[in-house]
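Asker: Got a structure here, written out as structure tokens. Questions coming.
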Amino acid sequence: MRLRKLTALSMAAVMAVSITGCSSGKPKEDTSAATTAAEAATAEPAKETSSEETKEPAASGEGVKITMMNSKPELEDALEEAAKEYQAATGVEIELYTTDKPGESIAQKYAAGDPATLMLCDYSNVTDIAAEKLLDLSGEKWMADGGEVLGVKLDGKTYGFPFCVEGTGILYNKNAIETVTGKEFIPDEYQTLDQFKVLLEEMRAGGMENPVILNSEDWSIGQHFIQYVYRMQTGKKEDAQKLFEDIKNGSASFASNDVFNSIYDTLDVLIQYNINGSDPLAADYDLNASYLAEGEAAFWLNGSWAWPDTEEYVDGSMTYGIMPLPVNGNYSSVGRLNANATKFIAIDNVKATPEQQEAAKEFLNWLVYDQAGQDVLVNKCAVVPAFKNIAADMTNDFNTGVKTYVDKSLVNDYVPIPSDHRSTLAAYMQKYLAGELDRTEMAQHMDDFFKSH
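Under the working numbering, think of the first position of the sequence shown as 605, with each following residue one higher.
Take a look at the structure:
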């Protein structure tokens, strides 16, 4: 954990008017919201704040100091800069510290009687302490622009501000595909596995022997991939949860579940065309990023967080994107991206003074409604914001793709899963990838897992 004190001076912390106002790199674990971005995209946005309002000074926040825990280490510099900008505009001093273990940090800080005022953390971190230690944010303005659906809720109250949205699917190199096939690549034309198989065969016939890239990491093939089975049941959280209940009581099994088999049909095809097929568990993540960026392969099963790794090899001459996993079956979830809020900001309600809480709430409003705050999210942090009123262009092709699906409401619900899901099932998925486990055995392991929870 690192502690950095951010200082600066100026104008207004507690705004007198109604104004005031993800992710990158290789994720270590899946900690996503239980709500989908689809519903947020259909909600009516709140009245947009004018640029004049965002620049109007209000009461001085001079002397107010708050602290912020950051659990996205790759955003430390961006958040430090944001804190300086905010203090220059309001007078509120923000002290930032960074950790890659938010749950432990939160517990330690509360035990010591010194919790952070603002906590950038995971979904489960919020729900673990919501009612006892966190401020109810249900009445905030940003609720109407995305917080109502994408924020963390417990017993009808919102305790987590949705900081960013990420998506999983097939990352693609448009130029590489078109160079091999000689025709325009339109992702919507490849929503089913049958359609996608034809394209893969064309790619192989055109000289790209193995156009698919599969990761070996347990968080990727062993955590994110399995969740397609849950999220693509119907695209709705409650239907996946009903399946879990049926598995637990013995009235259903994954082996006989149509969506499970359709998803694994897709995986089997991806394995056939895997550029790492000769030794799939030895696949190197950075090398995988270079394969996609440079066009040695064309499709990478991954998520929008992979841009920083990919960008290292991008020369600016190619166009990239993200598309849903191609799956056969007449399911409402086909052609929809798995996308949801993945990080949240909560406010302490134990030690923070009313002045500190107000300053913290104004900081969240600043991120959503002030042009400088929006710039922090979209450009400095390079995340897809959870709020419809933010119309700024995304900073990379993957994020642009995610926002396109979100804005069209073409996304599947996130489905909460037990915290030991990865540690229990991921290793079996790695064996499946390596050909050491068959589908029936994998389905049985999944049955056993949900029967024990």
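Beta carbons are placed, not taken as given, at the ideal position from N, Cα and C, and that holds for glycine.
Measure from the alpha carbon of D913 to the alpha carbon of each residue in V784, N1000, A893, then state which is nearest.
Answerer: Taking the first residue of the sequence shown as position 1, residue 913 is located at position 309. Considering only alpha carbons, the answer is A893.
Asker: Figure out for me which residue from G920, M807, P766 has the closest Cα to the Cα of G786.
Answerer: In the sequence shown, counting from the first residue as 1, residue 786 sits at position 182. Among G920, M807, P766, the Cα nearest to that of G786 belongs to M807.
Asker: Just curious, the alpha helix (DSSP H) that T694 is in, first and last residue?
Answerer: Residue 694 sits at position 90 when you count from the first residue of the sequence shown. Here the alpha helix (DSSP H) through T694 covers 680-694.
Asker: Starting from A1030, follow the alpha helix (DSSP H) in both directions and report where the run begins and ends.
Answerer: Taking the first residue of the sequence shown as 1, we reach residue 1030 at position 426. Here the alpha helix (DSSP H) through A1030 covers 1025-1037.
Asker: How many angstroms separate the CA atom of S675 from the CA atom of F789?
Answerer: On the sequence shown, residue 675 is found 71 positions in, with the first residue counted as 1. On the sequence shown, residue 789 is found 185 positions in, with the first residue counted as 1. Approximately 38 Å, taken between the alpha carbons.
Asker: One question on the structure: do S820 and A901 come within less than 8 Å of each other, judged by their Cβ atoms?
Answerer: For this step, residue 820 is matched to residue 216 along the sequence shown. For this step, residue 901 is matched to residue 297 along the sequence shown. Not closer than 8 Å, so no.
Asker: Could you tell me which of P928, G977, M812, I875 sits nearest to G1128, measuring between CA atoms?
Answerer: Absent from the structure is residue 1128, since the part of the chain shown begins at 605 and ends at 1057.
Asker: Ordered along the chain, which non-local residues of its own chain (more than five positions away) have a Cβ less than 6 Å from that of A945?
Answerer: Locating residue 945 in the sequence shown gives position 341, counting from the first residue. Only residues of its own chain outside the window of five on either side were considered, and among them A637, L754, P766, V769, A990 have a CB closer than 6 Å to the CB of A945, listed in chain order.
Asker: What first and last residue would you give for the beta strand (DSSP E) that runs through W904?
Answerer: Sequence index remark: in the sequence shown, residue 904 carries index 300 (1-based). Per DSSP, W904 belongs to the beta strand (DSSP E) from 903-907.
Asker: Between the C-alpha atoms of K801 and E793, what's the straight-line distance to the nearest angstrom?
Answerer: Taking the first residue of the sequence shown as position 1, residue 801 is located at position 197. Taking the first residue of the sequence shown as position 1, residue 793 is located at position 189. Straight-line measurement puts the Cα of E793 at about 12 Å from the Cα of K801.
Asker: With C-beta atoms as the reference, is Q1034 less than 8 Å away from G826?
Answerer: As a working mapping, residue 1034 is identified with position 430 in the sequence shown. As a working mapping, residue 826 is identified with position 222 in the sequence shown. The Cβ atoms of Q1034 and G826 lie closer than 8 Å to each other.
Asker: Counting Cβ pairs closer than 8 Å, one from the segment 1007-1015 and one from the segment 703-711, do we hit at least three?
Answerer: no
Asker: Per DSSP, which residues does V756 bridge with? Please list them.
Answerer: The residue given as residue 756 occupies position 152 in the sequence shown. G764.
Asker: Nearest to E678 by alpha carbon, out of N932, A1030, D1001, A986?
Answerer: In the sequence shown, residue 678 corresponds to position 74, counting from 1. With distances taken between Cα atoms, E678 lies closest to A986.
Asker: Quick check: L847 and A859, are their CB atoms within less than 8 Å of each other?
Answerer: The residue given as residue 847 occupies position 243 in the sequence shown. The residue given as residue 859 occupies position 255 in the sequence shown. No, Cβ-Cβ distance for L847 and A859 is not below 8 Å.
Asker: Please classify T1044 as buried or exposed, where buried requires at least 16 other C-beta atoms within 10 Å of its C-beta.
Answerer: Residue 1044 sits at position 440 when you count from the first residue of the sequence shown. Answer is exposed; the Cβ neighbour count stays below 16.
Asker: Give the secondary structure of L700 by DSSP, where H, G and I count as helix, E and B as strand, and everything else as coil.
Answerer: In the sequence shown, the residue the question calls residue 700 occupies position 96. In the structure shown, L700 sits in a strand (DSSP, three-state: E or B).
Asker: Within 10 angstroms of its Cβ, does N880 collect 16 or more other Cβ (buried), or is it exposed?
Answerer: The count along the sequence shown starts at 1 and reaches residue 880 at position 276. By the neighbour-count rule (16 or more Cβ atoms within 10 Å), N880 is buried.
Asker: Buried or exposed for Q799, please, with buried defined as at least 16 other CB atoms from any protein chain shown within 10 angstroms of its CB.
Answerer: For the purposes of this step, residue 799 is taken as the residue at position 195 of the sequence shown. Classification of Q799: exposed, given that the 10 Å Cβ count is below 16.
Asker: Keeping to the same chain, check which residues put their C-beta closer than 6 Å to that of F864; ignore five residues upstream and five downstream.
Answerer: Taking the sequence shown and counting its residues from 1, the one referred to as residue 864 is at position 260. Closer than 6 Å at the Cβ level, and outside the excluded window around F864, lie V833, F858.
Asker: Leaving out the 5 sequence neighbours to the left and right, which residues in its chain are closer than 6 Å to A1030 when beta-carbon positions are compared?
Answerer: As a first step, residue 1030 is located in the sequence shown; it is residue number 426 there, counting from the start. If we look at A1030 and ignore the five residues flanking it on each side, its Cβ neighbours are D822, G826, Q827.
Asker: Does the separation of the CB atoms of V980 and D749 fall below 8 Å?
Answerer: The residue you call residue 980 lines up with position 376 of the sequence shown. The residue you call residue 749 lines up with position 145 of the sequence shown. No.
Asker: What is the DSSP secondary structure of F967, reduced to helix, strand or coil?
Answerer: Residue numbering aside, residue 967 sits at position 363 when the sequence shown is read from its first letter. The answer is helix: DSSP assigns F967 an H, G or I state.
Asker: Could you tell me which of G907, I994, M927 sits nearest to P791, measuring between CA atoms?
Answerer: The count along the sequence shown starts at 1 and reaches residue 791 at position 187. Ranking the options by Cα distance to P791, first place goes to M927.
Asker: Among the candidates T731, D843, F967, whose CA atom is the shortest distance from the CA of T671?
Answerer: For this step, residue 671 is matched to residue 67 along the sequence shown. With distances taken between Cα atoms, T671 lies closest to F967.
Asker: How would you call G1039, buried or exposed, if buried means at least 16 neighbouring beta carbons within 10 angstroms?
Answerer: If you number the sequence shown from 1, residue 1039 lands on position 435. The residue is exposed, with fewer than 16 neighbouring Cβ atoms inside 10 Å.
Asker: If we require 3 or more residues per run, which beta strand (DSSP E) segments fall completely within the segment 887-933?
Answerer: Runs of the beta strand (DSSP E) inside the segment 887-933: 903-907, 924-927.
Asker: Run through DSSP, which three-state label would E959 get?
Answerer: Position 355 of the sequence shown, counting from 1, holds the residue named residue 959. Under the three-state reduction of DSSP, E959 is assigned to helix.
Asker: Is the beta carbon of L775 sitting closer than 8 Å to the one on N906?
Answerer: By 1-based counting over the sequence shown, the position of residue 775 is 171. By 1-based counting over the sequence shown, the position of residue 906 is 302. Yes; because the gap between Cβ atoms is below 8 Å, this pair is in contact.
Asker: Near G1005, what residues of its chain come up, given a Cβ to Cβ distance below 7 Å and the 5 sequence neighbours on each side ignored?
Answerer: The count along the sequence shown starts at 1 and reaches residue 1005 at position 401. Around G1005: G925, I926.
Asker: Which residue's Cα is closest to the Cα of Y701: A693, A687, Q691, W746?
Answerer: By 1-based counting over the sequence shown, the position of residue 701 is 97. Considering only alpha carbons, the answer is A687.
Asker: Please classify S937 as buried or exposed, where buried requires at least 16 other C-beta atoms within 10 Å of its C-beta.
Answerer: Within the sequence shown, numbered from 1, the residue matching residue 937 stands at position 333. Burial call: buried.
Asker: Pick from E736, L1037, L929, Y895: whose alpha carbon is nearest that of E915?
Answerer: To locate residue 915, count along the sequence shown from 1; it is residue 311. Nearest option by C-alpha distance: Y895.
Asker: At which residues does the alpha helix (DSSP H) containing M1046 begin and terminate?
Answerer: Stepping through the sequence shown from its first residue, residue 1046 is reached at position 442. From DSSP, the alpha helix (DSSP H) with M1046 extends over 1043-1055.
Asker: What did DSSP end up calling L797 once you bin it into helix, strand or coil?
Answerer: Taking the first residue of the sequence shown as position 1, residue 797 is located at position 193. The answer is helix: DSSP assigns L797 an H, G or I state.
Asker: Bridge partners of D952, per DSSP?
Answerer: For the purposes of this step, residue 952 is taken as the residue at position 348 of the sequence shown. Paired residues: L738.
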